[in-house]
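Peer 1: Sharing a structure with you now.
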Amino acid sequence: LKEKHKILHQLLQNSTS
Amino acid sequence: NGETSPTVSMAELEHLAQNISKSHVETCQYLREELQQLSWQAFLQDEVDGYQSKPREVMWQLCAIKITEAIQYVVEFAKRIDGFMELCQNDQIVLLKAGSLEVVFVRMCRAFDTQNNTVYFDGKYAGPDVFKALGCDDLITSVFDFAKSMCSLHLSEDEIALFSAFVLLSADRTWLQEKLQVEKLQQKTQLALQHVLQKNQREDGILSKLRCKVSALRSLCARHSENLSAFRAVYPDIVRSHFPPLYKELFG
């Protein structure tokens, strides 16, 4: 699932601003 | 169910309610006051004509961009909810894939003007006729009806926040790996929502009214997917080349 949702995964990884 | 409900202290519920309300306020695309101040700014007839005369694919692309922008704020909301980032990565993705658009529809009631049946879109308030070029009148009517019925509940910001979190943390989504963890988190959120409803002295039936909204949201999202599939069948290249990558990831 992570592979198919790279952008969402990236957004989740980014630290909250 | 007393056997499966987690034991949660009042202080913990209060803390969770505050955390979710704060997360909601911090991640709302627009402040409610801003939206209210803008509510007199409806699109003029020539502007409406402009939207209606756009090619179908251009209007779809515009809406896909707007939805994607709103979803990015929902992702931020989720990340700030206590316990969400402790879920496994698979389940974070599953919950957002299934629930982010539902939360956008919940949040839409903040940007909806019931008197004029208009919603804030692309800088002004728009009626259903603005979306004519999409070619999915039934879906648009349902979205507007949903917003109207949500508004009739007159939810406060903290109630919207808690309800949004409850929707997002739905433990019955397919493909969850640690269902029990999500279930616990959703139960706690429901207790926090009940706590807030009681504190705000809402009538007894409000929770069951909100439960009905959960099924309405699922049906709206299913219809969005159906309409997208129909659109993609005709314009596969437009979706592939011009739609936001995040939108395609979530709904593709």
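Line by line, the protein sequences are chains P and R.
So in the numbering used here, spot 17 of the first sequence is number 160, and the numbers just go up one at a time.
So in the numbering used here, spot 219 of the second sequence is number 240, and the numbers just go up one at a time.
Ideal Cβ placement from N, Cα and C applies to all residues, glycine included.
For the stretch 112-144 of chain R, which residues have a CB atom closer than 8 angstroms to at least one CB atom of chain P, in sequence order?
Peer 2: Result list: 113, 114, 115, 117 and 118.
Peer 1: Tell me the residue span of the beta strand (DSSP E) that contains residue 139 of chain R.
Peer 2: From DSSP, the beta strand (DSSP E) with residue 139 of chain R extends over 139-142.
Peer 1: Contact defined as beta carbons within less than 8 angstroms: I believe residue 203 of chain R pairs with residue 238 of chain R. What is the distance between those atoms, to the nearest angstrom?
Peer 2: In fact, because the Cβ distance is near 17 angstroms, the residues do not count as touching under 8 angstroms.
Peer 1: Any idea if residue 32 of chain R is buried or exposed, counting beta-carbon neighbours within 10 angstroms, 16 or more meaning buried?
Peer 2: Flag for residue 32 of chain R reads exposed.
Peer 1: Compute the beta-carbon to beta-carbon distance between residue 192 of chain R and residue 41 of chain R, rounded to the nearest angstrom, for a pair I have assumed lies under 8 angstroms.
Peer 2: That pair is no contact at about 17 angstroms.
Peer 1: Got a sec: is the Cβ-Cβ distance from residue 90 of chain R to anything in chain P below 7 angstroms?
Peer 2: False, the Cβ-Cβ gap to chain P never drops below 7 angstroms.
Peer 1: Does the beta carbon of residue 199 of chain R sit closer than 7 angstroms to a beta carbon anywhere in chain P?
Peer 2: Answer no: the Cβ-Cβ gap between residue 199 of chain R and chain P never drops below 7 angstroms.
Peer 1: Would you say residue 96 of chain R lies against chain P (beta-carbon separation less than 7 angstroms)?
Peer 2: Answer yes: the Cβ-Cβ gap between residue 96 of chain R and chain P drops below 7 angstroms somewhere.
Peer 1: For residue 23 of chain R, is the classification buried or exposed, using 16 other Cβ atoms within 10 angstroms of its Cβ as the cut-off for buried?
Peer 2: Because the pLDDT of residue 23 of chain R is 45, which lies under 50, any placement of that residue in the model is unreliable, and the number read from its coordinates should be weighed accordingly. With fewer than 16 other Cβ atoms within 10 Å, it is exposed.
Peer 1: Between the C-alpha atoms of residue 109 of chain R and residue 198 of chain R, what's the straight-line distance to the nearest angstrom?
Peer 2: Computed Cα separation, rounded: 8 angstroms.
Peer 1: Buried or exposed: residue 185 of chain R, going by 16 or more other Cβ atoms within 10 Å of its Cβ?
Peer 2: So residue 185 of chain R counts as buried.
Peer 1: Using a beta-carbon distance below 7 angstroms, is residue 267 of chain R in contact with chain P?
Peer 2: Chain P, which has a Cβ nearer than 7 angstroms to the Cβ of residue 267 of chain R, makes this yes.
Peer 1: Is there a Cβ from chain P that is less than 7 angstroms from the Cβ of residue 202 of chain R?
Peer 2: So no, residue 202 of chain R is outside the interface.
Peer 1: Taking a contact to mean a Cβ-Cβ separation below 7 angstroms, would you say residue 168 of chain R touches residue 142 of chain R in this structure?
Peer 2: Contact: no.
Peer 1: Would you mind reading off the limits of the alpha helix (DSSP H) that contains residue 51 of chain R?
Peer 2: Counting along the chain, residue 51 of chain R falls outside any alpha helix (DSSP H), and DSSP gives it neither H nor E.
Peer 1: For residue 107 of chain R, would you say it is in contact with chain P, using Cβ-to-Cβ distances shorter than 7 angstroms as the test?
Peer 2: Output row for residue 107 of chain R: interface = no.
Peer 1: Between residue 236 of chain R and residue 152 of chain P, what straight-line distance do the alpha-carbon atoms span, to the nearest angstrom?
Peer 2: Rounded to whole angstroms, residue 236 of chain R to residue 152 of chain P spans 27 angstroms at the Cα level.
Peer 1: Determine, for residue 270 of chain R, whether the minimum Cβ-Cβ distance to residues of chain P falls below 7 angstroms.
Peer 2: Yes, residue 270 of chain R counts as interfacial toward chain P.
Peer 1: If you pair each beta-carbon of the stretch 73-85 of chain R with each one of the stretch 250-260 of chain R, do three or more pairs fall below 8 angstroms?
Peer 2: Taking 8 angstroms as the limit for Cβ pairs, the verdict is that the stretch 250-260 of chain R does touch the stretch 73-85 of chain R.
Peer 1: Nearest chain P C-beta to residue 110 of chain R closer than 7 angstroms, yes or no?
Peer 2: Yes, residue 110 of chain R lies at the interface with chain P (some Cβ there is under 7 angstroms from its Cβ).
Peer 1: Under 7 angstroms, do residue 121 of chain R and residue 92 of chain R count as touching if we go by C-beta distance?
Peer 2: Yes, the pair counts as a contact, with Cβ atoms nearer than the cut-off.
Peer 1: Output the distance between the C-alpha atoms of residue 111 of chain R and residue 183 of chain R, rounded to the nearest integer angstrom.
Peer 2: One C-alpha to the other measures close to 23 angstroms.
Peer 1: Count the other CB atoms within 10 Å of the CB of residue 25 of chain R; is the residue buried (16 or more) or exposed (fewer)?
Peer 2: Any answer about residue 25 of chain R is weak, because its pLDDT of 49 lies below 50 and its placement is not dependable; what the coordinates show is given next. So residue 25 of chain R counts as exposed.
Peer 1: Cβ closer than 9 angstroms: which chain P residues qualify as neighbours of residue 93 of chain R?
Peer 2: Going along chain P in sequence order, the residues near residue 93 of chain R (Cβ under 9 angstroms) are 154.
Peer 1: If you follow the alpha helix (DSSP H) that residue 94 of chain R is part of, which residue opens it and which one closes it?
Peer 2: That run of the alpha helix (DSSP H) goes 77-101.
Peer 1: Can you grab the Cα-Cα spacing for the pair residue 179 of chain R / residue 264 of chain R, in whole Å?
Peer 2: So the two alpha carbons sit approximately 33 angstroms from each other.
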